[in-house]
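Residue numbers (our numbering): 103 to 376.
Cβ atoms here follow ideal geometry from the backbone N, Cα and C, with glycine treated the same way.
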Ligand code: KIV
């Protein structure tokens, strides 16, 4: 049985803690959350890192891609999550268009997310192309998580959500991007949908932790979208996804029972009124 800890007993996960987890060979757990209720449950379960992913664009808003979500919308999701979390490190994605123009605009938008949401760190997609912006954000004192491989903000360039870096040239670029992100001071790198052997190589060459999604078991941690692993997203079942619950079925059954009880006047009963 788990006993709830008081706030003053909870030790907040830091970027430094993630670095020592890599050194101690302790795997890092990371899940997305976009709202207060889910973030409360995920944090209380003991998650190390909670990501306000721009996948909120798909999962919460029903868009086809992550490109549609705005800075204000990400700040709204992030501030809801921050209000819930006591222990996990809270990382927020910088949405498409907020850091690609130039370093000055990138830092301005990064500061807005940190100041208005209260999150601990930011995640940016890309390697050497965005290095000046990553450096400028780090210089402002904001920790940065990199993201390489299948970077969904570039979906129109890729044309497909298939595995990335299977060819040597793309794999070598990914390795040098990962080193460049480490050298400028990123505290972790997410590796999305790349061959397991390549993720293992990057993980062994870097001293900062790697967090994988569809990148095999050798990375220093794993991340999934919470609605996917809870089985809420019926149409999405990629090979890398392990489903830990079937909440789509649980919710549908509960909602159907409620409809039935309302229609048959079983709900509310006498005890459920004033
Ligand atoms: O937006 C997101 O949810 C992500 C993770 C899948 C890594 O970037």
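Check whether the Cβ atoms of residue i and residue j lie closer than 8 angstroms to each other.
i: residue 223; j: residue 244; result: yes
i: residue 251; j: residue 264; result: no
i: residue 138; j: residue 214; result: no
i: residue 236; j: residue 173; result: no
i: residue 277; j: residue 303; result: yes
i: residue 296; j: residue 320; result: no
i: residue 291; j: residue 132; result: no
i: residue 300; j: residue 273; result: yes
i: residue 239; j: residue 280; result: no
i: residue 130; j: residue 121; result: no
i: residue 293; j: residue 314; result: yes
i: residue 187; j: residue 145; result: yes
i: residue 247; j: residue 275; result: no
i: residue 219; j: residue 180; result: yes
i: residue 117; j: residue 338; result: no
i: residue 269; j: residue 253; result: no
i: residue 155; j: residue 134; result: yes
Given this structure, state the Cα-to-Cα distance separating residue i from residue j, to the nearest angstrom.
i: residue 171; j: residue 255; result: 11 angstroms
i: residue 169; j: residue 249; result: 16 angstroms
i: residue 366; j: residue 333; result: 30 angstroms
i: residue 119; j: residue 323; result: 13 angstroms
i: residue 363; j: residue 113; result: 45 angstroms
i: residue 189; j: residue 221; result: 12 angstroms
i: residue 305; j: residue 175; result: 33 angstroms
i: residue 178; j: residue 368; result: 39 angstroms
i: residue 229; j: residue 196; result: 14 angstroms
i: residue 259; j: residue 199; result: 15 angstroms
i: residue 111; j: residue 271; result: 49 angstroms
i: residue 183; j: residue 193; result: 10 angstroms
i: residue 309; j: residue 242; result: 23 angstroms
i: residue 136; j: residue 126; result: 30 angstroms
i: residue 359; j: residue 261; result: 43 angstroms
i: residue 346; j: residue 330; result: 9 angstroms
Starting from residue i and walking both ways along the alpha helix (DSSP H), at which residues does that stretch end?
i: residue 249; result: Premise fails: residue 249 lies in the beta strand (DSSP E), 246–251, not in any alpha helix (DSSP H).
i: residue 154; result: Element bounds for residue 154: not the alpha helix (DSSP H) but the beta strand (DSSP E), 151–154.
i: residue 283; result: 270–286
i: residue 259; result: 257–260
i: residue 117; result: 117–125
i: residue 235; result: 233–241
Please list the terminal residues of the continuous beta strand (DSSP E) segment that includes residue i.
i: residue 143; result: Here residue 143 belongs to no beta strand (DSSP E); instead the alpha helix (DSSP H) covers 138–146.
i: residue 134; result: 130–134
i: residue 224; result: 223–227
Please give the ranges of any beta strand (DSSP E) in the region 288–359, keeping only runs that are unbroken, at least 3 residues long and fully inside the region.
290–294, 312–315 and 323–326
Cβ pair count under 8 angstroms reaching 3, the region 151–159 against the region 202–212:
Touching, no.
Would you call the region 141–155 and the region 331–348 touching, i.e. three or more CB-CB distances under 8 angstroms?
Contact between the region 141–155 and the region 331–348 is absent, because fewer than three Cβ pairs lie under 8 angstroms.
Quick check for students: name the residue ranges of the alpha helix (DSSP H) that lie wholly in the region 157–210, counting only runs of 4 or more.
As far as the region 157–210 is concerned, its whole alpha helix (DSSP H) runs of at least 4 residues are 158–161 and 173–186.
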